[in-house]
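Accompanying notes for the structure given below.
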Amino acid sequence: MKFIVINRQDARGQYTIFRQSNEHLPNIERFEAIIYKEEDRQGLINNGLIHENFHCTPLNLSQILSHTLLWSSAISQQASLLIMEDNALLCQNFPEQCQKILETLNDDWDIVLFGYNFESPCLINALPGVSPCGLSFNHQKMRDAAFTWRNRSVETNAYPLLHAQGIYCYAISPRGAKRLLEACLPLRPFSHTDQAFSLDGLMSILYPHIQAFSAFPPIAITGNANSTEAYFKEMMEEKPSVSI
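Per my numbering, the very first residue in the sequence shown carries number 1252; after that it's consecutive.
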């Protein structure tokens, strides 16, 4: 399965940080993010990608177009993809755990989230037929210790996913890509809500209706520039690692 990271042309510094933070996974292909411009709007409407009443920020729409283009690629190539955003941090044994999960699911999956936002709850079906299970996290503690993440090995399992925010690290199958594209496009405003549109918000509505799974514990988290800088400072000073 091909590993792909989405990165904007004007954010090559962040790509360098991503590569340094995840240098234990060398075979990750860079995909240059689609940059939305207002003059592109009518073309997107004509091509059935957005509804004429749909509006969101240019940055948000650039993210949406980048992800959905990769979904289309998964369909055309009939190959699953692992898609990351350039703030993803992967644990030391990410490839092995990713492979273990996908083999366990026996190709009967649409999307698997290997990480999700710690600022929002995650809902999984850990007790099928009994009760869903809600997961909550300490976002700040995760960010403070993120620079140690790539040295950490994590044993994880897949659970049916009911709700999660964040699409910075996930695998999508051709079947899942087709289902999500058919359900998401053309993009429309959320109905009966003042909530700002987000692709992960729309995807979360769909998770209970498709073969969606999440890894728990997560094997990817999010970081920032300080995460990498702190890591290399830690290595140079040879201080003990800080665990999450």
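Every residue, glycine too, gets a C-beta built ideally from N, C-alpha and C.
Report the option in Gln1343, Asn1338, Gln1350 whose CA atom is closest to the CA atom of leucine 1332.
The candidate whose alpha carbon is nearest that of leucine 1332 is Gln1350.
Quick check: the segment 1269-1276 against the segment 1316-1331, are at least 3 beta-carbon pairs closer than 8 Å?
no
The alpha helix (DSSP H) with arginine 1394 in it runs from where to where?
From DSSP, the alpha helix (DSSP H) with arginine 1394 extends over 1390-1395.
Quick one: measure Cβ to Cβ for cysteine 1435 and leucine 1453, integer angstroms, because I've assumed they're closer than 8 Å.
6 Å
Give me the DSSP bridge partner(s) of proline 1280.
One point to set straight first is that residue 1280 is glutamate, not proline, in the sequence displayed. Its beta-bridge partners are Ile1255.
Hey, quick one: how far does the beta strand (DSSP E) through cysteine 1420 stretch, first residue to last?
Run containing cysteine 1420: 1420-1423, per the beta strand (DSSP E) assignment.
Measuring only between beta-carbons, confirm whether aspartate 1361 sits less than 8 Å from chain B.
Although the question refers to chain B, the structure presented lacks it and comprises just one protein chain.
So the candidates are Ile1472, Ile1255, Leu1378; which of them puts its Cα closest to the Cα of aspartate 1395?
Ile1472
Could you tell me the distance, in whole angstroms, from the CA atom of asparagine 1408 to the CA atom of cysteine 1307?
35 Å
Quick one: what's got a C-beta closer than 6 Å to glycine 1385's C-beta in the same chain, skipping five residues either side?
Pro1372, Leu1374
Would you kindly work out how many angstroms separate the C-alpha atoms of leucine 1450 and proline 1437, rounded to a whole number?
12 Å
Please report the straight-line C-alpha distance between isoleucine 1470 and cysteine 1342, rounded to a whole angstrom.
So the alpha carbons of these two residues sit roughly 6 Å apart.
For methionine 1252, count neighbouring C-beta atoms within 10 Å of its own C-beta (all shown protein chains included) and say buried if the count is 16 or more, exposed if not.
exposed
Are tyrosine 1421 and leucine 1457 closer than 8 Å when you measure CB to CB?
In this structure, leucine 1457 does not lie closer than 8 Å to tyrosine 1421 by Cβ.
Sort out for me which residues DSSP pairs threonine 1473 with in a bridge.
Ala1339
State the DSSP-derived secondary structure class of glutamate 1485, mapped to helix, strand or coil.
Low confidence applies to glutamate 1485: its pLDDT is 47, below 50, so where it sits in the model is not reliable enough to give any reading.
Within the same chain, show all residues whose beta-carbon is closer than 6 Å to that of alanine 1339, passing over the 5 residues directly before and after it, in chain order.
Tyr1419, Cys1420, Ala1471
How should glycine 1417 be labelled, buried or exposed, when 16 other C-beta atoms within 10 angstroms of its C-beta is the threshold for buried?
buried
For serine 1272, which of helix, strand or coil comes out of DSSP?
helix
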